[in-house]
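Engineer: Positions 8 to 346 (our numbering) are the ones given, in order, by the sequence shown. For each residue, glycine too, the CB sits at the ideal point set by N, CA and C.
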Amino acid sequence: MTLEWQRDRDLTDANTLRLVCRADRYVAAETPEELQRACLVAHEQGWPLTVLGGGSNLVLGPRLGGLTVKPVFAQWWQESIDTDTVRIHADAGVTWHDLVMSVAQQGLWGIENLALIPGHCGAAPIQNIGAYGVELADVLESVEVLDPENGDLAVMSAADCEFGYRDSVFKRDLSGRAIITRMVLRLDRRACPRLDYGNLAECVGRPDPTALDVAEAVCRVRRDKLPDPTVLGNAGSFFKNPIVTAHHADALFHEYPELPHFALPDGRVKIAAGWLIERCGFKGVRQGAFGVHERQALVLVHHGGGEAAELLAFADDIARQVSERFDVMLEREPRVIGA
Ligand SMILES: Cc1cc2nc3c(=O)[nH]c(=O)nc-3n(C[C@H](O)[C@H](O)[C@H](O)COP(=O)(O)OP(=O)(O)OC[C@H]3O[C@@H](n4cnc5c(N)ncnc54)[C@H](O)[C@@H]3O)c2cc1C
């Protein structure tokens, strides 16, 4: 099959912030082989390569040079390991939320708390997606990766991925050097609800929920709290929750006892970035084409007609004011490309 190379492809609908962006060259790879071939051409030509999933964790500049490639192969299947455990194999192009709901419907436990996170399976390990007390790292067994320079495929274990909070080796040493083509998850047939985060137990509302009950409760909470990107452009949380030393946290709690936080096993403390932003007076504030969401201060929204540079300047202003007031540095969560 010949590859379909698209020139000057509009990516405005391909990123949930709905930033206007055009790609010099674009390939939607229908198979891992097409992905390999496209990457090898880009390497031979010396084109920079951008990998696109669902575009829900990206800030795109107005133009992407080189080649933008989107893996769209999207099969998934399951393999029984023993009476309790099932392996799920999912291609990069599978929509994460659809997978969550399908396995929850089958009574498989492990990813129900991660319902309604936008995006594709191929991107889920990049920032080790997490929500409601669960991270992908809790269930991920391995990933298959493609080396874009030579097209070689390799399997990496969960340990090789060096997962951390919204972090993995793919954001560090392997940035731009590995494309995830498939992932393998290990799920459980035995009920193991994790409802101790926020008011999730209350939202589930029954003592012995099914995995589907939990997934549906997570969807209700998220729909209530987060803007729908199909209605209002956004990339979810724009900043990570900062992690500070116990000493720094004590000083903050002394002045702000109500500051929401979570103690980490290593003694450090994760604090709520949304609360810091709200206390700086940004919640619901609009600046030009962008704004801070009125219900969730961690989410920056795009009202239309704006560009990445304006969004990044607004985000820098928020981070600067948080730093000046609390001596806490906010780190951006979405990846910035071409801006
Ligand atoms: C409303 C909303 C809510 C969100 N809630 C959460 C949340 O609760 N928890 C959370 O963790 N995240 C959340 N996110 C962020 C986002 O959904 C996740 O990070 C998601 O995994 C991104 O997937 P994607 O396919 O859209 O990736 P993209 O945005 O397309 O890409 C993200 C990064 O991954 C790279 N990439 C994409 N595919 C591959 C691949 N196959 N191989 C290698 N690199 C690849 C891209 O180059 C880019 O660097 C939210 C976003 C939105 C809009």
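Near Leu24, which residues of its chain fall below 6 Å by C-beta distance, leaving aside the five closest residues on each side in sequence?
Structural biologist: Position 17 of the sequence shown, counted from the start, is the residue given in the question as residue 24. The answer, listed in chain order, is Gly240, Ala242 and His309.
Engineer: Look at Leu194 and Leu115 and say whether their C-beta atoms are less than 8 Å apart.
Structural biologist: One-based indexing of the sequence shown puts residue 194 at position 187. One-based indexing of the sequence shown puts residue 115 at position 108. Yes.
Engineer: Identify which residue in Val107, Asn120, Ala161 and Ile250 has its Cα closest to the Cα of Ala224.
Structural biologist: For the purposes of this step, residue 224 is taken as the residue at position 217 of the sequence shown. The residue with the shortest Cα to Cα distance from Ala224 is Asn120.
Engineer: At least one CB of chain C closer than 8 Å to the CB of Val306: is that the case?
Structural biologist: Annotation note: the requested chain C is absent from the structure, which comprises a single protein chain.
Engineer: What do you reckon, are the CB atoms on Leu370 and Thr57 nearer than 8 Å?
Structural biologist: With the chain represented from 8 up to 346, any question about residue 370 goes unanswered, as that position is not in the structure.
Engineer: As a quick exercise: from Gly274, Val150 and His268, pick the residue whose alpha carbon is nearest that of Ser164.
Structural biologist: Mapped onto the sequence shown, residue 164 falls at position 157. Among Gly274, Val150 and His268, the Cα nearest to that of Ser164 belongs to Val150.
Engineer: Roughly how many angstroms separate the alpha carbons of Leu318 and Ser87, rounded to a whole number?
Structural biologist: As a working mapping, residue 318 is identified with position 311 in the sequence shown. As a working mapping, residue 87 is identified with position 80 in the sequence shown. Taking the straight line joining both Cα atoms gives about 46 Å.
Engineer: Are Gly68 and Ile325 closer than 8 Å when you measure CB to CB?
Structural biologist: In the sequence shown, residue 68 corresponds to position 61, counting from 1. In the sequence shown, residue 325 corresponds to position 318, counting from 1. No. Outside cutoff.
Engineer: Note the first and the last residue of the continuous beta strand (DSSP E) segment covering Gly72.
Structural biologist: For the purposes of this step, residue 72 is taken as the residue at position 65 of the sequence shown. First-last of the beta strand (DSSP E) with Gly72: Arg70 to Pro78.
Engineer: Write down the C-beta distance between Ala97 and Arg189 rounded to the nearest angstrom, noting that I regard them as a contact closer than 8 Å.
Structural biologist: Numbered from its first residue, the sequence shown carries residue 97 at position 90. Numbered from its first residue, the sequence shown carries residue 189 at position 182. With a Cβ gap of about 7 Å, Ala97 and Arg189 count as contacting.
Engineer: So which of Ser330, Ala296 and Gly311 has the shortest CA-CA distance to Arg286?
Structural biologist: The residue you call residue 286 lines up with position 279 of the sequence shown. Ranking the options by Cα distance to Arg286, first place goes to Ser330.
Engineer: Are there 16 or more other CB atoms within 10 angstroms of the CB of Met108, so buried, or fewer, so exposed?
Structural biologist: Residue mapping note: residue 108 aligns to position 101 of the sequence shown, counting from 1. Met108 should be labelled buried.
Engineer: Should Ala253 and Arg275 be called a contact, given that it needs their Cβ atoms to be closer than 8 Å?
Structural biologist: For the purposes of this step, residue 253 is taken as residue 246 along the sequence shown, with counting starting at 1. For the purposes of this step, residue 275 is taken as residue 268 along the sequence shown, with counting starting at 1. Closer than 8 Å, so yes.
Engineer: Among the candidates Leu271, Arg184 and Ile136, whose CA atom is the shortest distance from the CA of Ala161?
Structural biologist: Against the sequence shown, residue 161 aligns to sequence position 154. Measuring from the Cα of Ala161, the nearest candidate turns out to be Arg184.
Engineer: Do Asn135 and Gly171 count as a contact pair if the criterion is CB distance below 8 Å?
Structural biologist: Here residue 171 is taken as the residue at index 164 of the sequence shown, counted from 1. Here residue 135 is taken as the residue at index 128 of the sequence shown, counted from 1. Yes, these two residues count as a Cβ contact at 8 Å.
Engineer: Using three-state DSSP, classify Trp4 as helix, strand or coil.
Structural biologist: Since the first residue of the chain shown is 8 and the last is 346, residue 4 is not available in this structure.
Engineer: Taking contact to mean 3 or more Cβ pairs, one atom from each stretch, closer than 8 Å, check whether the region 121-135 and the region 225-238 are in contact.
Structural biologist: With the cut-off at 8 Å, the region 121-135 and the region 225-238 touch.
Engineer: So, are the CB atoms of Ser244 and Val306 less than 8 Å apart?
Structural biologist: In the sequence shown, counting from the first residue as 1, residue 244 sits at position 237. In the sequence shown, counting from the first residue as 1, residue 306 sits at position 299. A contact, by the Cβ cut-off of 8 Å.
Engineer: Would you decide whether Pro341 is buried or exposed? Buried here means 16 or more other CB atoms lie within 10 Å of its CB.
Structural biologist: In the sequence shown, the residue the question calls residue 341 occupies position 334. Buried, by the Cβ-count rule.
Engineer: Going by the C-beta, is Leu233 closer than 7 Å to any heavy atom of ligand 1?
Structural biologist: Walking along the sequence shown from the start, residue 233 turns up at place 226. Result yes, Cβ under 7 Å from ligand 1.
Engineer: Once DSSP output is grouped into helix, strand and coil, what is the label at Phe297?
Structural biologist: Counting from one through the sequence shown, the residue named residue 297 turns up at place 290. Looking at Phe297 - three-state DSSP - the assignment turns out to be strand.
Engineer: Would you say the beta carbon of Gly61 is closer than 7 Å to some non-hydrogen atom of ligand 3?
Structural biologist: This structure lacks ligand 3; its bound ligands are ligand 1.
Engineer: List the endpoints of the continuous alpha helix (DSSP H) containing Phe260.
Structural biologist: In the sequence shown, residue 260 corresponds to position 253, counting from 1. It spans Ala253 to Glu262 - the alpha helix (DSSP H) in which Phe260 sits, taken as one unbroken run.
Engineer: Quick check on DSSP: helix, strand or coil for Trp103?
Structural biologist: In the sequence shown, counting from the first residue as 1, residue 103 sits at position 96. It is helical.
Engineer: Once DSSP output is grouped into helix, strand and coil, what is the label at Leu121?
Structural biologist: Position 114 of the sequence shown holds residue 121. Three-state result, Leu121: helix.
Engineer: So, with DSSP's three-state summary, where would you put Ala45?
Structural biologist: Looking up residue 45 in the sequence shown gives position 38. Residue state, collapsed to three classes: helix.
Engineer: My understanding is that Lys247 touches Glu338, with C-beta atoms under 8 Å, so please give their C-beta distance in whole angstroms.
Structural biologist: Here residue 247 is taken as the residue at index 240 of the sequence shown, counted from 1. Here residue 338 is taken as the residue at index 331 of the sequence shown, counted from 1. Between Glu338 and Lys247 the Cβ distance is about 5 Å, and since that is below 8 Å, they are a contact.
Engineer: Buried or exposed: which applies to Ser182, given that a residue is buried once 16 or more other Cβ atoms fall within 10 Å of its Cβ?
Structural biologist: For this step, residue 182 is matched to residue 175 along the sequence shown. It counts as exposed.
Engineer: Just the C-alpha distance for Trp282 and Thr9, rounded to the nearest angstrom, thanks.
Structural biologist: For the purposes of this step, residue 282 is taken as residue 275 along the sequence shown, with counting starting at 1. For the purposes of this step, residue 9 is taken as residue 2 along the sequence shown, with counting starting at 1. The alpha-carbon atoms of Trp282 and Thr9 are separated by roughly 52 Å.
Engineer: So Ile347 and Val79 are in contact, right, with Cβ under 8 Å, and what is the actual spacing, rounded?
Structural biologist: Missing from the structure shown is residue 347; the chain here goes from 8 to 346 and no further.
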